[in-house]
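**Student:** Those letters in the sequence shown? Residues 56 to 296, by the working numbering.
We treat Cβ as the ideally placed atom computed from N, Cα and C, and that holds for glycine.
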Amino acid sequence: MRTFKRPESLYDNSTHYCPGCGHGIAHRLVAQVIDELGIREKVIGVAPVGCAVVAYDYWNFDCSEAAHGRALAVATAIKRVHPENIVFTYQGDGDLAAIGTNETIHAANRGENLTVIFINNAVYGMTGGQMAPTTLLHQKTSTSLEGRNAALHGYPLKISEMLALLPGVCYIERVAFDSPQGILKAQQAVKLAFENQINNLGFSLVEILSPCPTYWGLNPKAALDWIQEVMKKEFPLGRLK
Numbered sequence: 056m057r058t059f060k061r062p063e064s065l066y067d068n069s070t071h072y073c074p075g076c077g078h079g080i081a082h083r084l085v086a087q088v089i090d091e092l093g094i095r096e097k098v099i100g101v102a103p104v105g106c107a108v109v110a111y112d113y114w115n116f117d118c119s120e121a122a123h124g125r126a127l128a129v130a131t132a133i134k135r136v137h138p139e140n141i142v143f144t145y146q147g148d149g150d151l152a153a154i155g156t157n158e159t160i161h162a163a164n165r166g167e168n169l170t171v172i173f174i175n176n177a178v179y180g181m182t183g184g185q186m187a188p189t190t191l192l193h194q195k196t197s198t199s200l201e202g203r204n205a206a207l208h209g210y211p212l213k214i215s216e217m218l219a220l221l222p223g224v225c226y227i228e229r230v231a232f233d234s235p236q237g238i239l240k241a242q243q244a245v246k247l248a249f250e251n252q253i254n255n256l257g258f259s260l261v262e263i264l265s266p267c268p269t270y271w272g273l274n275p276k277a278a279l280d281w282i283q284e285v286m287k288k289e290f291p292l293g294r295l296k
């Protein structure tokens with residue numbers, strides 16, 4: 056008996072992601088949750104500029120593109136015009152927490168009934184490994200060759216903690232792709248974030264600590280260890296709201 060198969064919401068395509076990247080796992084979790092909830096014909100995904108800019112090549116449901124950082128503005132418009140649809144954004148840390156900070160904060164503060172999948176890999180991936188708002192102190196990137204310096208660059212931006220303070224936010228949880236158990240926990244969080252929207256409870260965001268071996272300069276196994284040993288100390292896991 057076959058007990059594990061490709062979700063209907065996921066095309067049978069090879070992805071363009073680097074070996075060890077977490078985006079492929081995240082794509083599958085989103086597709087699997089959508090299948091479990093039986094909402095594929097109602098879902099609209101919004102992906103902006105970033106490593107997942109062509110997510111629509113992998114997801115077998117309706118998707119829309121957005122300009123860099125504007126995914127939540129586009130998602131807000133779609134949801135208000137089509138409130139019966141289930142609308143979500145899929146965003147990286149550079150997009151959601153840098154150029155898109157304004158859209159993120161105000162969509163959350165308005166309590167828009169949306170679901171956000173936030174991939175935090177502590178670096179800009181698509182554009183060459185530059186320092187991101189979530190880059191850790193002392194972490195080396197292509198634009199912080201000696202490591203992030205708080206006096207020069209500020210501290211890592213904890214966007215989930217910030218958003219959890221807003222009254223319009225329903226649910227915030229941080230999970231990690233650092234182990235099979237972590238992936239299962241992430242799936243539960245993603246499912247709850249979609250269920251909240253189905254039940255009209257408001258703004259939900261799941262932050263996923265995700266490996267980027269290429270720009271961390273690590274092999275895939277070492278990247279998982281780095282999440283466990285370093286990244287989780289700066290970005291503790293758990294439900295923030």
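(1) Beta-carbon separation of I94 and F249 under 9 Å?
(2) Provide the residue span of the beta strand (DSSP E) that contains Y145, from first to last.
(3) So, using beta-carbon positions, are I141 and H78 closer together than 9 Å?
(4) Using three-state DSSP, classify V85 as helix, strand or coil.
(5) Judging by CA-CA distance, which residue of I253, G257, L292 and N254 is the nearest neighbour of L264?
(6) Alpha carbon to alpha carbon, how far is A231 from T131?
(7) At a cut-off of 8 Å, is L84 close to the ligand GTP when judged by its beta-carbon and the heavy atoms of the ligand?
(8) Go to A102, then tell me how far its beta strand (DSSP E) extends in each direction, as first and last residue.
(9) Could you work out which residue in F116, V104 and C106 is closest to D90 when comparing CA atoms only?
(10) With contact counted as at least three CB pairs below 8 Å, one residue from each stretch, are the stretch 244–261 and the stretch 193–201 in contact?
(11) Count Cβ pairs between the stretch 118–135 and the stretch 68–77 that sit closer than 8 Å; are there 3 or more?
(12) Name the residue from K246, M217 and Y111 whose alpha carbon lies nearest to the alpha carbon of H161.
(13) By alpha-carbon positions, which one of A128, I282, D112 and Q87 ends up nearest to S234?
(14) Hey, D148 and A102 are a contact pair by Cβ (cut 8 Å); roughly how many whole angstroms apart?
(15) Measuring CA to CA, which of Y72, K213, G209 and L169 is closest to M181?
(16) Just list the residues that DSSP pairs W114 with in beta bridges.
(17) Is DSSP giving A231 helix, strand or coil here?
(18) For E262, which beta-bridge partners are listed by DSSP?
(19) Per DSSP, what kind of secondary structure is S199 in: helix, strand or coil?
**Tutor:** On the basis of the supplied data:
(1) yes
(2) I141 to G147
(3) no
(4) Here V85 sits in helix by DSSP.
(5) L292
(6) About 27 Å.
(7) This structure does not include the ligand GTP; it has no bound ligands of any sort.
(8) V98 to A102
(9) F116
(10) no
(11) no
(12) Restricting attention to K246, M217 and Y111, the CA atom closest to the CA of H161 is found in M217.
(13) I282
(14) Not confirmed; about 14 Å, so no contact.
(15) Restricting attention to Y72, K213, G209 and L169, the CA atom closest to the CA of M181 is found in Y72.
(16) DSSP lists L65 as the beta-bridge partner residues of W114.
(17) strand
(18) F173 and R229
(19) strand
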